[in-house]
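In my numbering, each residue's number is its place in the sequence shown (first place is 1) plus 638.
Beta carbons: idealized from backbone N, C-alpha and C, even for Gly.
Below is one structure; the comments refer to it alone.
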Amino acid sequence: ILADVKGKPEQRIISTLILRSMKHARYSPQALGHFGLASPYYLHFTAPIRRYPDLLVHRVLSDVLKTGSLSGKKKTAWANFMPAAGERCTQNEITAEEAERESVDIKTAQFMKQFVGDVFPGVISSVTAFGFFVELDNGVEGLVHISSLLDDYYIFDDSRLILMGKNTRKIYRIGSEVEVELVKVNVDEAKIDFELTEFS
639 ILADVKGKPE QRIISTLILR SMKHARYSPQ ALGHFGLASP YYLHFTAPIR RYPDLLVHRV
699 LSDVLKTGSL SGKKKTAWAN FMPAAGERCT QNEITAEEAE RESVDIKTAQ FMKQFVGDVF
759 PGVISSVTAF GFFVELDNGV EGLVHISSLL DDYYIFDDSR LILMGKNTRK IYRIGSEVEV
819 ELVKVNVDEA KIDFELTEFS
């Protein structure tokens with residue numbers, strides 16, 4: 639799939655959709671392997687940013703290095719501690735990612751406010767029953783609401799992820815190139831609204 643879209647306008651969008659469709663990694667005491675590395679065993683050790691899972695591994699290694707192995711008591715203590723720690727680390731990582739995404743969305747809205755009224759080329763990045771999202775060349779994404787599509791009554795086909803005009807049979811789908819005008823920015827809600835230039 640990625641090879642088929644390489645160099646096309648929809649490449650970044652398809653890559654993002656594939657990444658989002660993959661199962662989120664979980665910290666677990668069970669050796670579930672690492673899908674991306676095709677390895678049956680995987681251990682978090684360090685990263686450019688120190689995360690608590692890294693520090694947990696360092697603590698266990700420190701215990702092993704002190705005596706050459708873990709005592710039965712230490713093994714039991716770590717075995718009892720790890721399931722809850724893994725679950726908490728997983729949840730905290732998800733929370734951190736959500737907070738990062740929200741802060742980026744707010745800053746993006748603040749930045750885009752100065753461009754209200756400007757026109758941009760973009761690519762449809764997702765289609766919903768209430769409209770479609772358009773991604774600009776700079777990565778900014780905003781909504782074209784279905785109510786702003788004035789040439790027809792559009793129906794959402796969720797099996798094909800398209801909006802189709804009832805009379806014109808015109809189709810809006812992921813990867814379609816469009817030209818949009820930035821019509822509204824709500825910084826508090828981190829929302830960016832576009833309209834197609836043909837209707838503005």
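Going by Cα to Cα distance, which pick from Lys646, Asp642 and Ile639 is closest to Val761?
For Val761, the closest C-alpha among the options Lys646, Asp642 and Ile639 is that of Lys646.
When the distance is taken between beta carbons, is Phe768 closer than 8 Å to Ile793?
Ile793 places its beta carbon 8 Å or farther from that of Phe768.
4 or more residues per run - each alpha helix (DSSP H) lying fully within the region 691 to 767:
List check, alpha helix (DSSP H) in window: 710 to 750.
In angstroms with no decimal places, state the Cα-to-Cα distance between Lys745 and Tyr791.
So the alpha carbons of these two residues sit roughly 34 Å apart.
Express the C-alpha separation of Val816 and Lys661 in angstroms, rounding to a whole number.
Those two C-alpha atoms are separated by around 31 Å.
Would you say the region 813 to 829 touches the region 749 to 761, given that touching needs at least three Cβ pairs under 8 Å?
Yes, they touch.
Of the residues Tyr690, Glu725, Val778 and Ser666, which one's Cα is nearest the Cα of Ala747?
Comparing alpha carbon positions, the residue from Tyr690, Glu725, Val778 and Ser666 closest to Ala747 is Val778.
For the alpha helix (DSSP H) that contains Leu655, what are its first and last residues?
Note, Leu655: alpha helix (DSSP H), Gln649 to Ser659.
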